[in-house]
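Numbering (full-length UniProt numbering), first residue to last: 1 to 297.
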């Protein structure tokens, strides 16, 4: 579909994945803007139908884009559908022409009535952009708990192994049973994070049938997420199986349902601010929560 924005004609396309030239152009723009390489993720077959691009192109070149991640979650026992907006980008020579704003309005027009909440993570340079579309800042909080190494064995998964990848995917189906706001049913996000960003930090604890995505930093274990089929084990026990000898605490990349024994502090992530669409659900306004790390597209 052709559209006129600020006197210039563009082609509006909502599926760059299907067009090799547009897809390649989209990958190039993402690399130039965010230093993200989507090509390996796409080639491995992980781009499904829950990561949706909304792009403007000219001469078969993507010049602006806003993407949507469709994410199921559960809040206080009730199923929810959340939309995460990301990969908001415009080629340098096409900025200040209203392209991102036009795309944002199209995304909101399509999704506002279909979901329970819409959120995005904004860079510091654009925090004044999103309130124009009805978004408001939301405070986030992060939990830290004391742990120490246990004698339970864990093993690091190999993300080049088909067997280990299948183990990850099958365990992910159970989601994070310990999370107050688990991000579910988006293998696109999961596999991008696990094959491109955190592939060295994925562990399996057979004793608890649990996958832990975590990184050791000094005396801290930074736990990005947990997936497990069992509810009869504690987060502490699972993380202790992954802890190193010198580990003293675990910083959680999700908000646990049970926060007893946790230290809860405001989350200040460099160059990142959470925005939530005001007219939809905002569970962050009256609860000390965070968007899980693996959903921070």
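Glycine included, C-beta positions come from ideal geometry on N, C-alpha and C.
Look up residue i in the DSSP assignment and say whether it is helix, strand or coil.
i: residue 34; result: helix
i: residue 124; result: helix
i: residue 79; result: strand
i: residue 301; result: The chain is shown only over 1 to 297; residue 301 falls outside these bounds and no answer can be derived.
i: residue 181; result: coil
i: residue 187; result: helix
i: residue 262; result: coil
i: residue 42; result: helix
i: residue 237; result: helix
i: residue 288; result: coil
i: residue 104; result: helix
i: residue 151; result: coil
i: residue 206; result: helix
i: residue 283; result: coil
i: residue 221; result: strand
i: residue 28; result: helix
i: residue 132; result: helix
i: residue 244; result: coil
Identify which residue in the options has its Cα closest to the Cα of residue i.
i: residue 77; options: 222, 181, 269 and 267; result: 181
i: residue 20; options: 36, 1, 101 and 60; result: 60
i: residue 201; options: 207, 25, 212 and 65; result: 212
i: residue 196; options: 42, 11 and 139; result: 42
i: residue 79; options: 287, 90, 265 and 117; result: 117
i: residue 119; options: 290, 283, 275 and 288; result: 275
i: residue 205; options: 144, 164 and 184; result: 164
i: residue 159; options: 143, 140 and 203; result: 203
i: residue 266; options: 24, 252 and 238; result: 252
i: residue 70; options: 241, 112 and 97; result: 112
i: residue 246; options: 284, 167, 91 and 148; result: 148
i: residue 300; options: 46, 145 and 13; result: As shown, the chain starts at 1 and ends at 297. That puts residue 300 outside it, with no answer to give.
i: residue 107; options: 66, 127 and 135; result: 66
i: residue 68; options: 161, 194, 110 and 91; result: 110
Round the Cβ separation of residue i and residue j to the nearest angstrom and send it over; I've been treating them as touching at under 8 angstroms.
i: residue 186; j: residue 50; result: 5 angstroms
i: residue 174; j: residue 227; result: 6 angstroms
i: residue 156; j: residue 6; result: The pair is not a contact, with the Cβ atoms about 51 angstroms apart (cut-off 8 angstroms).
i: residue 94; j: residue 63; result: 4 angstroms
i: residue 73; j: residue 184; result: 6 angstroms
i: residue 124; j: residue 271; result: 5 angstroms
i: residue 136; j: residue 278; result: 5 angstroms
Name the DSSP beta bridge partners of residue i, please?
i: residue 119; result: 84 and 276
i: residue 61; result: 58
i: residue 176; result: DSSP, once it has assigned bridges, lists no residue as partnering residue 176.
i: residue 256; result: 179
i: residue 21; result: Note: residue 21 sits in no beta bridge, so no partner.
i: residue 137; result: 275
i: residue 8; result: 5
For the stretch 99 to 110 against the stretch 255 to 268, do three or more pairs of beta-carbon atoms, one drawn from each stretch, fall closer than 8 angstroms, so that the two count as touching? Put simply, the stretch 99 to 110 does not touch the stretch 255 to 268. Fewer than three CB pairs are less than 8 angstroms apart.
With a threshold of 8 angstroms, are at least 3 pairs of Cβ atoms found where one atom belongs to the stretch 212 to 226 and the other to the stretch 281 to 295? Contact between the stretch 212 to 226 and the stretch 281 to 295 is present, because at least three Cβ pairs lie under 8 angstroms.
At a cut of 8 angstroms, does the stretch 147 to 154 reach the stretch 230 to 245 through at least three beta carbon pairs? yes
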